[in-house]
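Visitor: Residues 42 to 342 (my numbering) are what the sequence shown spells out, left to right.
Ideal Cβ placement from N, Cα and C applies to all residues, glycine included.
Given the structure is predicted, the values throughout are model-derived calculations rather than measurements.
This structure is in C-alpha cells; I'll ask about it shortly.
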Amino acid sequence: MTKMMDFATATLLKVIPCQCQLGEGVLWNVEQQAIYWLDIETSHLYRYFVASKIMEKFTLPHRIGSFAFTPIDNQIIAAFAGGIARYNLKTSNLEWIDQPERHIAGNRFNDGRADKQGRFWAGTMVENAALSEQQASLYCVDHQLNCHKKINNLAISNGLCWNKTGDILYHADSPTHKIFQYDFCKNTAAITNKRLFASTNASTFPDGSTVDAQDYLWNAQWGNSKVVRYDCNGKIDLSISLPVSQPSNVAIGGVNLDWLIVTSAKQGLSEYTLAEEPLSGNLFIYQLTGVTGLIEPKCTI
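This is the structure in C-alpha cells:
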C-alpha cells in the first residue's frame, strides 16, 4: 500500500476465499449487514453476512453483470447477459423488463447500479465482435419501465457511479483507459457536458467504481493490481496495492461503513500467473481510516 495523504489509509483485514472466475458487482446491504457480489462466468451471486460469517451462493438462470437492491426482500434488479429483469433469489421468479440488445450477437450486459432517484442503469460490452463496427451502450430504465440509451459507441461500459450529491455521473469505457464525468439532471436523468476525469496507462483498465462520503472516487484498476482513490479533480489521493493483478470492482461497507470491499478475477490468467497470485478470484476487505462510505440506493422501478 502506498499512502499519498495522511488522513486516508487502508489495511488488509480479511480475504474471503470464493475463487471467482470473474468476480464483480459488489454491493453492501446495510439492512442485512451483508456483502453481495457476483461471479459473472459461473452465474453465481454470493451473500456474506459479516456477523455470522455465513456465506451463501445462489445459482442464477443466466450470467449476470450487475444488479441493484429493491425494497422487496430477496428481489433484485439484474442486468443479466441478455437484458434487464427483476429476479427473486428465494423463488427464482424471473420477470424481464427489457432486452435492448437481444439482436446483437456477441454483446452482453456488464456494469450497472441504481441512481439516487431509484432508476436502474446498466451498460453492455462487446464480448465477441462479429463486425468491426459493433459497439456497446449505456442504458437507463426509468420508473415507467422505459429503457433509454444514454451513451453509445462503447466497447466495455464500466465504472458507473454518482458523486455524493448525485449531480455528476462517472463512467468509463475500459479499453480507452479513461474515466469521464458528466453533468447529471436528477429529474430527467439527462447527461451532458462530457469531460475527462482521469486516465490510466496502456496496461491498466479502469473497472468498477464507487464514491465515498468524502466525495472521492474509488476505482478498481484491472491489470495493475491496484485500487485508486481520486479526489473530485481527478488527482490520485491513495493507491492500494493488491496481491492480485485483476481487481474488478469496489464497494464501501461494514458495520461502520469503513471497509473497502474489492472483488477480483482469475479469468484469463496463465497457470504461471495463478501460481504467483493464488488469491486471484477472492474477495478482499480493507479497514479504512479517515474514510466512510455511502448507503447504496435501492432501485424502485
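(1) Using 8 angstroms for Cβ pairs, my map puts residue 103 next to residue 90. What's the rounded Cβ distance?
(2) Just the Cα atoms here: how many angstroms apart are residue 142 and residue 166?
(3) Please report the straight-line C-alpha distance between residue 299 and residue 334, rounded to a whole angstrom.
(4) Who are the Cβ neighbours of residue 275 in its own chain at under 6 angstroms, not counting the five residues just before and after it?
(5) Name the residue from 222, 124 and 175 whose alpha carbon lies nearest to the alpha carbon of residue 147.
(6) Please go through the same chain and pick out, in chain order, the residues whose beta-carbon is closer than 7 angstroms to the beta-carbon of residue 42, but skip the five residues on each side of it.
(7) Assign residue 247 to one of three DSSP states: helix, strand, or coil.
(8) Taking only runs of the beta strand (DSSP E) that begin and end inside the stretch 89-155, which ones reach a length of at least 3 residues, in chain order?
(9) Tell me the rounded alpha-carbon separation between residue 259 and residue 279.
(10) Within a Cβ cutoff of 8 angstroms, which residues of the same chain sit near residue 339, ignoring the five residues on either side of it in sequence?
(11) Give the C-beta separation of residue 67 and residue 290 to the nearest angstrom, bearing in mind that I take them to be a contact with Cβ-Cβ under 8 angstroms.
(12) For the pair the stretch 182-198 and the stretch 207-226, tell me if three or more CB-CB distances fall below 8 angstroms.
(13) Just grab the DSSP bridge partners of residue 67 for me.
(14) Just to confirm the assignment, what range does the alpha helix (DSSP H) spanning residue 177 have?
(15) Cβ of residue 205 within 8 angstroms of Cβ of residue 269?
(16) Mapping DSSP to helix, strand and coil, what is residue 237?
(17) Run through the DSSP bridge pairs and tell me what residue 164 is partnered with.
(18) Locate the alpha helix (DSSP H) running through residue 315, then write down its first and last residues.
(19) Report the CB separation of residue 265 from residue 244 in whole angstroms; it is logged as a contact under 8 angstroms.
(20) Could you give the residue range of the beta strand (DSSP E) that holds residue 278?
(21) Give me the DSSP bridge partner(s) of residue 332.
Guide: Looking at the coordinates:
(1) Along the sequence shown, one-based indexing puts residue 103 at 62. Along the sequence shown, one-based indexing puts residue 90 at 49. Contact doesn't hold; Cβ gap of about 25 angstroms is too wide.
(2) Mapped onto the sequence shown, residue 142 falls at position 101. Mapped onto the sequence shown, residue 166 falls at position 125. Approximately 10 angstroms, taken between the alpha carbons.
(3) Residue mapping note: residue 299 aligns to position 258 of the sequence shown, counting from 1. Residue mapping note: residue 334 aligns to position 293 of the sequence shown, counting from 1. In a straight line, the C-alpha of residue 299 is about 6 angstroms away from that of residue 334.
(4) Numbered from its first residue, the sequence shown carries residue 275 at position 234. These residues qualify, in order along the chain: 238 and 239.
(5) As a first step, residue 147 must be located in the sequence shown, where it is residue number 106. Closest option to residue 147, Cα to Cα, is 175.
(6) Indexing the sequence shown from 1 puts residue 42 at position 1. Bear in mind that the predicted position of residue 42 carries a pLDDT of just 45, short of 50, making it too unreliable to give a figure here.
(7) Your numbering for residue 247 matches position 206 in the sequence shown. In this structure, residue 247 counts as strand in the three-state DSSP scheme.
(8) 95-100, 105-110, 116-121, 124-129, 135-139 and 148-155
(9) Here residue 259 refers to the residue found at position 218 of the sequence shown. Here residue 279 refers to the residue found at position 238 of the sequence shown. Their backbone Cα atoms lie some 9 angstroms apart in a straight line.
(10) Here residue 339 is taken as the residue at index 298 of the sequence shown, counted from 1. Excluding residues within five positions, the ones whose Cβ falls inside 8 angstroms are 109, 110, 111, 112, 155 and 159.
(11) Here residue 67 refers to the residue found at position 26 when the sequence shown is read from its first residue. Here residue 290 refers to the residue found at position 249 when the sequence shown is read from its first residue. The Cβ separation is near 5 angstroms, so the contact holds.
(12) yes
(13) Taking the sequence shown and counting its residues from 1, one reaches residue 67 at position 26. BP columns for residue 67 are empty, so no partner.
(14) Here residue 177 corresponds to residue number 136 of the sequence shown, with the count starting at 1. Unbroken run through residue 177 is the beta strand (DSSP E), 177-182; no alpha helix (DSSP H).
(15) Start at 1 with the first residue of the sequence shown, and residue 205 comes out as number 164. Start at 1 with the first residue of the sequence shown, and residue 269 comes out as number 228. It is not a contact, given that the beta carbons lie outside the stated cut-off.
(16) Within the sequence shown, numbered from 1, the residue matching residue 237 stands at position 196. Of the three classes helix, strand and coil, the one that applies to residue 237 here is strand, per DSSP.
(17) Mapped onto the sequence shown, residue 164 falls at position 123. Bridge partners of residue 164: 179.
(18) The residue given as residue 315 occupies position 274 in the sequence shown. Residue 315 -> alpha helix (DSSP H) spans 312-317.
(19) Here residue 265 refers to the residue found at position 224 of the sequence shown. Here residue 244 refers to the residue found at position 203 of the sequence shown. The Cβ separation is near 7 angstroms, so the contact holds.
(20) For the purposes of this step, residue 278 is taken as the residue at position 237 of the sequence shown. Looking at the DSSP string, the run of the beta strand (DSSP E) that includes residue 278 is 277-282.
(21) For this step, residue 332 is matched to residue 291 along the sequence shown. Paired residue(s): none; residue 332 is not in a bridge.
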